[in-house]
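Single-structure report; data block below.
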Amino acid sequence: MYRIGVDLGGTKIAVGLVDEGYRIVTKATLPTGAERPGEAIVDDIARLCKKVCADAGVPAGLIESVGIASPGIANNAAGRVEYANNLPFRRFPIARLLRERLGVEGVYVENDANAAAWGEAVAGAAMGTRNSVMITLGTGVGGGIIIDNRIFTGSNCAGAELGHIVIVYDGYPCTCGRRGCWESYSSATALIRMTREAIAGCEAAGRKTLMSELAEKNSRVDGRTAFDAARQGDEPAREVYDKYISYLACGITSIVNIFQPEVISLGGGISNEGQPLVDALLPLVRAEQYGGDIVTHTEIRIAQLGNDAGIIGAAALGV
Numbered sequence: 051m052y053r054i055g056v057d058l059g060g061t062k063i064a065v066g067l068v069d070e071g072y073r074i075v076t077k078a079t080l081p082t083g084a085e086r087p088g089e090a091i092v093d094d095i096a097r098l099c100k101k102v103c104a105d106a107g108v109p110a111g112l113i114e115s116v117g118i119a120s121p122g123i124a125n126n127a128a129g130r131v132e133y134a135n136n137l138p139f140r141r142f143p144i145a146r147l148l149r150e151r152l153g154v155e156g157v158y159v160e161n162d163a164n165a166a167a168w169g170e171a172v173a174g175a176a177m178g179t180r181n182s183v184m185i186t187l188g189t190g191v192g193g194g195i196i197i198d199n200r201i202f203t204g205s206n207c208a209g210a211e212l213g214h215i216v217i218v219y220d221g222y223p224c225t226c227g228r229r230g231c232w233e234s235y236s237s238a239t240a241l242i243r244m245t246r247e248a249i250a251g252c253e254a255a256g257r258k259t260l261m262s263e264l265a266e267k268n269s270r271v272d273g274r275t276a277f278d279a280a281r282q283g284d285e286p287a288r289e290v291y292d293k294y295i296s297y298l299a300c301g302i303t304s305i306v307n308i309f310q311p312e313v314i315s316l317g318g319g320i321s322n323e324g325q326p327l328v329d330a331l332l333p334l335v336r337a338e339q340y341g342g343d344i345v346t347h348t349e350i351r352i353a354q355l356g357n358d359a360g361i362i363g364a365a366a367l368g369v
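Heads up: the sequence shown runs through residues 51 to 369, numbered per my numbering.
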């Protein structure tokens with residue numbers, strides 16, 4: 051039997067046919083066209099679902115279920131996306147509409163970050179655990195929480211907004227309207243801001259920094275600028291790196307102390323730093339973890355599924 055996973059984003063729809071071992075057999079994509087009515091988007095999702103089956107030579111009768119990973123507040127019990135700020139969904143019955151188009155009874159919907167966390171739990175960095183958290187470090191800071199092998203969504207399907215815990219009271223403004231959110235200090239966006247501030251400070255003080263050269267070479271400051279310069283021994287870049295790691299560790303420690311998961315997996319662009327990122331975080335987290343060395347330590351791992359986490363997690367929603 052096979053399952054289909056749909057990763058629905060504001061700019062792209064990605065659909066994958068997934069086998070019993072949670073491997074993607076074939077995949078297809080289309081632009082989302084988020085300015086269109088929701089029904090037109092569902093039409094394209096159905097078209098892609100049929101395409102991946104046809105490409106793999108898999109008859110519709112072998113499709114066990116279809117799962118949709120969507121931005122926003124997803125109500126799986128009702129089969130609706132209650133709200134998505136970058137898609138035309140307001141209490142939108144996406145599961146029913148796709149079920150009608152495909153004839154597959156089992157159609158499920160979940161928030162995209164939750165689906166990615168579920169993917170890592172069933173087939174990635176947290177496979178074999180019952181309690182895990184995934185944190186995505188990209189434009190923002192997202193997250194998903196798995197408790198006793200179930201996705202935690204809160205009482206209103208809007209839980210697990212981990213990026214919006216406050217780590218600096220009255221700190222930098224956040225896109226959510228609060229100030230001092232973890233997202234404002236540990237996202238790639240925040241790292242870029244810190245890097246720009248450091249470059250400006252160096253220029254004002256007449257202090258040389260390799261970050262300026264890298265930014266000029268690449269025609270921009272990005273999430274790698276400070277990390278790359280720090281690896282080459284640049285002291286101002288190392289200061290940015292250490293500051294960023296301290297903020298990231300602060301939030302991770304709070305997540306550990308609240309949930310005490312077996313594994314926290316790190317995804318998103320920043321996670322491309324790999325094991326050195328984990329090695330930098332561990333001493334800071336261990337030093338402040340509640341219970342110290344008496345309790346079993348949460349493992350911090352780099353997520354394994356990359357951009358396929360949403361597809362695989364969505365496909366596994368019916369498991």
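All C-beta atoms in this analysis are idealised placements derived from N, C-alpha and C, irrespective of residue type, glycine included.
Values in this document were obtained by computation on a predicted structure and should not be read as measured data.
First and last residue of the uninterrupted beta strand (DSSP E) at residue i
i, result
"E132", "130-134"
"Y52", "52-58"
"P81", "74-81"
"E349", "349-352"
"M177", "Element bounds for M177: n/a, residue is neither H nor E."
"G194", "191-197"
"K62", "62-68"
"T186", "182-187"
Those residues which DSSP pairs with residue i across a bridge
i, result
"C231", "V216"
"A10", "This structure cannot settle anything about residue 10, because the visible part of the chain is limited to 51 through 369."
"F139", "A134"
"P223", "R229"
CA-to-CA distance, residue j to residue i, given in whole angstroms
i, j, result
"T225", "A364", "27 Å"
"G71", "M51", "10 Å"
"V271", "P286", "15 Å"
"R243", "K293", "12 Å"
"L334", "G341", "14 Å"
From the options, residue whose alpha carbon lies closest to that of residue i
i, options, result
"G111", "N206, C103, G117", "C103"
"V75", "G213, V65, T346", "V65"
"R288", "Q310, M261, S269, E312", "M261"
"P143", "A128, V154, R151, N135", "A128"
"R53", "A84, T79, K100, R86", "K100"
"V172", "D198, R149, G192", "D198"
Residue range of the unbroken alpha helix (DSSP H) whose run includes residue i
i, result
"T245", "238-255"
"L316", "Where L316 is concerned, there is no enclosing alpha helix (DSSP H), although the beta strand (DSSP E) it sits in stretches over 313-317."
"G88", "88-106"
"L355", "Segment: none, L355 is in no alpha helix (DSSP H) and carries neither H nor E."
"K293", "285-309"
"K267", "260-268"
For this session: Say whether the segment 174-187 touches the segment 138-145, bearing in mind that this needs 3 or more beta-carbon pairs closer than 8 Å, one atom from each stretch.
Result: no
Problem set entry | Cβ contact (3+ pairs, closer than 8 Å) linking the segment 234-254 and the segment 275-288 | yes
Exercise. Is the number of C-beta pairs between the segment 225-242 and the segment 257-265 that are closer than 8 Å three or more?
Worked result: no
Problem set entry | Contact between the segment 298-316 and the segment 345-365 (3+ Cβ pairs under 8 Å) | yes
Exercise. Should the segment 146-159 be called in touch with the segment 197-206, which here means at least 3 C-beta pairs below 8 Å?
Worked result: no
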